[in-house]
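Asks:
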Ligand SMILES: *Cc1c(COP(=O)(O)O)cnc(C)c1O
């Protein structure tokens, strides 16, 4: 296509009619059938990402678990796919755990995270029998132990440890550095204290350690350093406490491409770097290669998602810019406002035409509500369908009802078939929890 640079993922392609297709479905038809804004998930691409993660790591390490960080995208259908692909699931709230259980996800492949797990969440974890609770603080360790005692059971735990690594990513999504609310720091002695406490408490069984250093990371060196710091620490624990922990969860964080400028490492490059660092550190500290767990969220589901919008009013401000409004925005995608996130988009019903316009894509919320500061589009008209790429992770899961917008529907596409997996909210859904007190009637 002359003059056309497009970023296409998975089964996305441009048809002869100039329409963007995904999963064998014409997205213009999807917009007509299901309405907009609409989240579209490419099932084949999603499953391919799962398989690539499993294969890349299994090739390079003796025992590996790939655990989907469900906060990136969780619905019952997505849980089912992750189960079918043999992944484990990481949840960090009662709501996520409830969704997974409702989908029939096996609890023995679920992990519970969170820096402040409520008693009812810990109780739910004990009741459902999740595989591991990732303990984040001493107070949580003792609460969990007490609850396990009452229930006459023992909880298998990992300790979340802060390796003191500051990756190059947005500061809102850095979690491995010293200044963080998560976990127990190695450098302050808190992690060692946590291990001592966990070993003294009978109701918890310390199975390993966890760390997660950040998100949307392109630089693999941070993953290697995290693996090294963690194994060095495990060796120290062995020497100090005479216990050889066998499980090491290195978290998630691999970045994805949101624009053409983004060049993230591949999953196999990540696996290479992590496996290399694990083997090297195990060697250096004469430590048995632990069972490795990785917890990708974004890089499993991000590029499998598209958001479709319908174009509304277009305003050309001479000498300034052209504003193109779409029928969604901040409520279905808070990331531009939250992180200054960048995106690329295409006029989905004219995707084969040269991008001769430069516009600002805005939503319809009562804020600046910029979706894309500046994007090159083919000539665009009211009523056109815009597709924004790489919206599979942290979009639906971060959506809100701001301005009392109903949250969009989500469809799963594959082989020309589109199945609704999240119904569009109705106006009734929006007022369902409102209560009118007697004295106002
Ligand atoms: C968010 C999170 C992940 C996943 O991060 P991605 O950047 O989406 O891969 C993994 N582990 C923990 C503990 C997290 O909080």
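Residue numbers (this note's numbering): 5 to 445.
All C-beta atoms, glycine included, are put in the ideal place defined by N, C-alpha and C.
With residue 378 and residue 364 assumed to form a contact (beta carbons below 8 Å), what rounded beta-carbon distance in angstroms separates them?
Replies: Residue 378 sits at position 374 when you count from the first residue of the chain shown. Residue 364 sits at position 360 when you count from the first residue of the chain shown. That belief holds up - the Cβ atoms of residue 378 and residue 364 are roughly 6 Å apart, short of 8 Å.
Asks: Within 8 Å, do at least three Cβ pairs link the region 251–264 to the region 159–178?
Replies: Short answer: they touch.
Asks: Under three-state DSSP, which class holds residue 164?
Replies: Numbered from its first residue, the chain shown carries residue 164 at position 160. Three-state DSSP puts residue 164 in a strand.
Asks: What separation, rounded to the nearest whole angstrom, lies between the Cα atoms of residue 210 and residue 72?
Replies: By one-based count along the chain shown, residue 210 stands at place 206. By one-based count along the chain shown, residue 72 stands at place 68. For residue 210 and residue 72, the distance between alpha carbons rounds to 22 Å.
Asks: By the DSSP assignment, the alpha helix (DSSP H) with residue 31 in it spans what residues?
Replies: Within the chain shown, the letter at position 27 stands for residue 31. Segment 31–38, the alpha helix (DSSP H) holding residue 31.
Asks: Ligand 1 heavy atoms versus the CB of residue 300: any closer than 6 Å?
Replies: Stepping through the chain shown from its first residue, residue 300 is reached at position 296. It does: the Cβ of residue 300 is within 6 Å (strictly closer) of some heavy atom of ligand 1.
Asks: How many Å lie between residue 8 and residue 265 at the Cα?
Replies: The residue you call residue 8 lines up with position 4 of the chain shown. The residue you call residue 265 lines up with position 261 of the chain shown. Annotation note: pLDDT 48 at residue 8 (below 50); position unreliable, coordinate value reported separately. Using only the alpha carbons, I get a separation of about 15 Å.
Asks: Scan the region 55–108 and note each continuous alpha helix (DSSP H) run of 4 residues or more that stays entirely inside, going in chain order.
Replies: Here the runs fully enclosed are 80–88 and 98–106.
Asks: Output yes or no for whether 7 Å exceeds the beta carbon distance between residue 81 and residue 425.
Replies: Here residue 81 refers to the residue found at position 77 of the chain shown. Here residue 425 refers to the residue found at position 421 of the chain shown. Yes. Within cutoff.
Asks: In angstroms with no decimal places, state the Cα-to-Cα distance between residue 338 and residue 203.
Replies: Numbered from 1 along the chain shown, position 334 holds the residue referred to as residue 338. Numbered from 1 along the chain shown, position 199 holds the residue referred to as residue 203. Cα-Cα distance, rounded: 42 Å.
Asks: Any chance the CB of residue 99 is under 6 Å from a heavy atom of ligand 1?
Replies: For the purposes of this step, residue 99 is identified with residue 95 of the chain shown, where counting begins at 1. Not under cutoff, so the answer is no.
Asks: Within the present structure, is the beta-carbon of residue 73 separated from the nearest heavy atom of ligand 1 by less than 6 Å?
Replies: Within the chain shown, residue 73 is the residue found at index 69, counting from 1. Yes - ligand 1 has a heavy atom lying nearer than 6 Å to the Cβ of residue 73.
Asks: Give, in chain order, every unbroken run of the beta strand (DSSP E) that is at least 3 residues long and sits entirely within the region 300–353.
Replies: 309–321, 325–330 and 349–351, all fully within the region 300–353.
Asks: Leaving out five residues on either side along the sequence, give the residues of the same chain with a beta carbon under 6 Å from the beta carbon of residue 327.
Replies: For this step, residue 327 is matched to residue 323 along the chain shown. Same-chain partners within the cutoff: 319, 364 and 366.
Asks: Taking 6 Å as the cut-off, is the beta-carbon of residue 76 closer than that to any non-hydrogen atom of ligand 1?
Replies: Residue numbering aside, residue 76 sits at position 72 when the chain shown is read from its first letter. Yes, ligand 1 has a heavy atom inside 6 Å of this Cβ.
Asks: So, at 6 Å on beta carbons, what are the nonlocal neighbours of residue 269 in its own chain, with the 5 sequence-adjacent residues on each side left out?
Replies: Indexing the chain shown from 1 puts residue 269 at position 265. 224.
Asks: So is the beta-carbon of residue 216 under 6 Å away from any non-hydrogen atom of ligand 1?
Replies: Within the chain shown, numbered from 1, the residue matching residue 216 stands at position 212. Yes - ligand 1 has a heavy atom lying nearer than 6 Å to the Cβ of residue 216.
Asks: Is DSSP giving residue 272 helix, strand or coil here?
Replies: For the purposes of this step, residue 272 is taken as residue 268 along the chain shown, with counting starting at 1. Three-state result, residue 272: helix.
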